[in-house]
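**Q** Here you go, one structure.
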Amino acid sequence: MEFIAQHPVLVVSLVKIAVLLFIVMTALAYLTWFERKVVARIQSRWGPYYVGAHGLLQPLADGLKFLFKEDLTPPASDRLIYTLAPFLALSLALTAIALIPFGPPEIQLLGQSIFIVSNLDIGLLFLFAITSIGVYGVALAGWSSNSKYPLLGGLRSSAQMISYEVSLTLSVVGVLLLAGTLNFNEIIAGQHGYFRYVPFIPRWHVFPQIVGFLCYITAAIAETNRIPFDLPEAETELVAGFHTEYSSFKFAMFFMAEYANMITVSCLATILFFGGWLSPFPDSWTWQLYLPGALLLLVGAYTAYDTALNMHGIARIQMAVVTLLALGIGAMCLIPAVRPLIQGPFWFTTKVLVFLFFYVWTRGTLPRFRYDQLMSFGWKLLLPVSLANLLITSFLMILPLLSHA
Amino acid sequence: MSLPFIVFFVCALLAVLGAVLLIVAREPIHSALALVLVMMSLAVLYLLLGAEFIAAVQIIVYAGAIMVLFVFVIMLLNAGVEERTDWSKIAKFVGAPLGLVLLVEIANRFGSSEIGRTVANGNGAANQAVSTRDLSAALFHQYLFPFEATSILILIAILGAVILARKDE
Chain A
1 MEFIAQHPVL
11 VVSLVKIAVL
21 LFIVMTALAY
31 LTWFERKVVA
41 RIQSRWGPYY
51 VGAHGLLQPL
61 ADGLKFLFKE
71 DLTPPASDRL
81 IYTLAPFLAL
91 SLALTAIALI
101 PFGPPEIQLL
111 GQSIFIVSNL
121 DIGLLFLFAI
131 TSIGVYGVAL
141 AGWSSNSKYP
151 LLGGLRSSAQ
161 MISYEVSLTL
171 SVVGVLLLAG
181 TLNFNEIIAG
191 QHGYFRYVPF
201 IPRWHVFPQI
211 VGFLCYITAA
221 IAETNRIPFD
231 LPEAETELVA
241 GFHTEYSSFK
251 FAMFFMAEYA
261 NMITVSCLAT
271 ILFFGGWLSP
281 FPDSWTWQLY
291 LPGALLLLVG
301 AYTAYDTALN
311 MHGIARIQMA
321 VVTLLALGIG
331 AMCLIPAVRP
341 LIQGPFWFTT
351 KVLVFLFFYV
361 WTRGTLPRFR
371 YDQLMSFGWK
381 LLLPVSLANL
391 LITSFLMILP
401 LLSHA
Chain B
406 MSLPFIVFFV
416 CALLAVLGAV
426 LLIVAREPIH
436 SALALVLVMM
446 SLAVLYLLLG
456 AEFIAAVQII
466 VYAGAIMVLF
476 VFVIMLLNAG
486 VEERTDWSKI
496 AKFVGAPLGL
506 VLLVEIANRF
516 GSSEIGRTVA
526 NGNGAANQAV
536 STRDLSAALF
546 HQYLFPFEAT
556 SILILIAILG
566 AVILARKDE
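Chains A and B are the protein sequences, given in the same order.
FYI, the working numbering numbers position 354 of the first sequence as 354, with every residue one higher than the one before it.
To convert, count from 1 in the second sequence and add 405; that's the working numbering.
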């Protein structure tokens, strides 16, 4: 007890980590559902449909299937590294999320801000450090399987991740110059307010840094190995790429790591370019306090309508539960004490969801690049453009200083 | 025993363990990974000293870029298991004892120095972190010339590598 009293940071952090882990794991599971539904819509299909109403229990069924499948280890593999690789991939992907602020730091419990696990002064650098280590999970998985296709997949992906990491980092430096700090909370706080001459546009970094943003989002898709840059797992050429030999839960870990990386990258885009947990509306518009609750109540009303009209049998019960959840949480968000609390996380999640939708949208729209196209795109177009963006930004920032001298 | 003290010893042990593994391991990839372990532990030690920026850069540059390239090349060449020879006589009878003497001497010197005593008393952890701002101010004002000279040197090395690797046309 004495130890706990002396180190409130440790205790609060552990609680925050447990809660965040639970939320992120659930979000990962339902992100797969979301992706399959949206891609199905784009391709005029139904997507997951049979397990639960609207296929809502599909992630659960998939998880159970992964758990109970036989866990094969190829006899020629390097046993230690073969086991280490998926753990490395998933744990690094989850560690990165600990650095993300989901709400303003002013909301505190026991003197600790509740919306961020670890508020570091070098938050951004640390995040890049973690993502730069993330390559090992993929490369080692490919190597340790001791098989042709995984090795090729691992090689391709390490080459790709190294190449695009350069542009990813450079595209962000423009924002850092504008913000003047590496701390996420300070970067977000710096985007508060509106531009001087156009008072209706929020002072988000996307507007001055539009080139940087485009470079970032392209490099980010490549960095997370997603379509159209998913060459490491191009199934027509490489079976399944680096995780061909993996089965059961080890495969699921790679799968979860990929989705966790998608979430991290979307969160980072939100923080750096879209004002993080800040609302796009001026503070004087107090009706926005009711927005999260009202939206959830609307969703609840729609699902209630859906339950009553379209659902039968057990699906009706499942949909009724969803309706009750939406209505209940919506009503809770309208309680005066909760209203200001929920603002930050609400805007943050909304923006992140937009990015995740964008990810899925590109997957449903674009064909895959060829490997040489990918490499020349990264080195010959993306890198020079992000470098030029950096040069121009720093020149424009130093211009006022020059005219004074 | 304070928390930084425990973390220091765990990471120091890990660093030494990684260094030994690096030499003992027979598979090149295992050696490379052991080196990554050394670098990560060193990064934690930098953090304990309050050098946040150096710690992050240590991970990004060494563990994240250079070692990834090492692993990449080992994978690309598909390097096999190392061959070993027995120790040569000189190494066994002169090299090993001399190495031991060097180790003892370093430990002795370090233990009797000012820094060594501070660390041994458990005061190794810095009271105040060096901010990135201070570091960059020092780099770009006080040490601007050496900094730029180093970067030009590295640029020359890169150009040299490109020219050597180019095919003759």
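Glycine residues also receive a C-beta, built at the ideal position from the N, C-alpha and C atoms.
1) Which value, in whole angstroms, describes the spacing of the CA atoms of isoleucine 392(A) and leucine 214(A)?
2) Does the beta-carbon distance from alanine 129(A) to alanine 468(B) come in below 9 Å?
3) For phenylalanine 458(B), which residues in chain A fall below 8 Å Cβ to Cβ?
4) Using a Cβ-Cβ cutoff of less than 7 Å, which residues in the same chain neighbour alanine 219(A) once the five nearest sequence positions on both sides are dropped?
5) Helix or strand or just coil, what does DSSP make of leucine 109(A)?
6) Alpha helix (DSSP H) containing isoleucine 162(A): first to last residue?
7) Do the stretch 543-550 of chain B and the stretch 179-197 of chain A make contact, defined as three or more Cβ pairs closer than 8 Å?
8) What residue range is occupied by the uninterrupted alpha helix (DSSP H) comprising leucine 120(A)?
9) Who are the neighbours of leucine 182(A) on chain B, taking C-beta pairs under 7 Å?
10) Where alanine 98(A) and arginine 489(B) are concerned, what is the direct C-alpha to C-alpha distance, given to the nearest angstrom?
11) Compare the C-beta of serine 158(A) against all C-beta atoms of chain B and say whether one is closer than 9 Å.
12) In angstroms, rounded to a whole number, what distance separates the CA positions of proline 105(A) and cysteine 267(A)?
13) If we count the other Cβ atoms within 10 Å of its Cβ and call it buried at 16 or more, is lysine 69(A) buried or exposed?
14) With distance defined between alpha-carbon atoms, name the residue in Lys380(A), Arg363(A) and Ala260(A) nearest to valine 39(A).
15) Enumerate in chain order the residues of its own chain whose CB-to-CB distance from methionine 397(A) is below 7 Å, with the five nearest sequence positions on each side excluded.
16) Does DSSP put tyrosine 50(A) in a helix, in a strand, or in coil?
17) Considering only C-alpha positions, which residue in the set Gln209(A), Thr303(A), Pro86(A) and Val360(A) is nearest to serine 248(A)?
18) Is histidine 243(A) close to chain B? Criterion is C-beta to C-beta, closer than 9 Å.
19) Which of the three DSSP states is assigned to tyrosine 548(B) in this structure?
20) Counting C-beta neighbours from all protein chains within 10 Å, is the total for arginine 41(A) 16 or more, i.e. buried, or is it exposed?
21) Would you mind telling me which residues of chain B sit closer than 8 Å to serine 163(A), beta carbon to beta carbon, in chain order?
22) Return helix, strand or coil for proline 202(A), following the three-state DSSP convention.
23) From Tyr194(A), Ile114(A), Val175(A) and Thr181(A), pick the residue whose C-alpha is nearest to that of leucine 20(A); which is it?
24) When you compare only the Cα positions, how much space is there between leucine 520(B) and alanine 512(B)?
25) Along chain B, which residues have their Cβ under 9 Å away from the Cβ of alanine 129(A)?
26) Quick one: does serine 132(A) have its CB under 9 Å from some CB of chain B?
27) List, in order along the chain, the chain A residues whose C-beta lies closer than 7 Å to that of valine 506(B)?
28) From the DSSP output, read off the bridge partner residues of tyrosine 259(A).
29) Which stretch, first to last residue, makes up the alpha helix (DSSP H) that contains isoleucine 428(B)?
30) Classify valine 509(B): buried if its beta carbon has 16 or more other beta carbons within 10 angstroms, exposed otherwise.
31) Kindly say whether aspartate 78(A), judged by its beta-carbon, lies nearer than 9 Å to any beta-carbon of chain B.
32) On the DSSP bridge list, what partners appear for tyrosine 30(A)?
33) To which residues of the same chain is alanine 430(B) closer than 7 Å at the C-beta, ignoring the five residues directly before and after it?
34) For a test of your reading of the model: does the CB of leucine 454(B) fall under 8 Å from any non-hydrogen atom of the ligand GDP? Yes or no.
35) To the nearest angstrom, report how far apart methionine 161(A) and isoleucine 428(B) are at their CA atoms.
36) Give me the Cα-Cα distance between isoleucine 568(B) and isoleucine 559(B), rounded to the nearest whole angstrom.
**A** In this structure, then:
1) 16 Å
2) yes
3) Ile122 and Leu125
4) Tyr164, Ser167, Leu168, Ser171 and Leu382
5) strand
6) 148-179
7) no
8) Run containing leucine 120(A): none; DSSP gives neither H nor E here.
9) Thr537
10) 45 Å
11) yes
12) 16 Å
13) exposed
14) Arg363(A)
15) Leu177
16) coil
17) Pro86(A)
18) no
19) coil
20) exposed
21) Here the premise fails: no neighbours, minimum Cβ distance about 11 Å.
22) strand
23) Ile114(A)
24) The sequence shown places isoleucine at residue 520(B), rather than the leucine named in the question. For isoleucine 520(B) and alanine 512(B), the distance between alpha carbons rounds to 12 Å.
25) Ala448, Ala460, Ala461, Val462, Gln463, Ile464, Ile465, Ala468 and Gly469
26) yes
27) Chain A residues near valine 506(B): none, gap ~35 Å exceeds 7 Å.
28) Paired residues: none, contrary to the question.
29) 408-429
30) exposed
31) yes
32) Answer is none; tyrosine 30(A) lacks a bridge partner.
33) Ser436 and Ala439
34) Inclusion of the ligand GDP in the displayed structure is not the case, the ligand content being empty and no account of it being possible.
35) 29 Å
36) 14 Å
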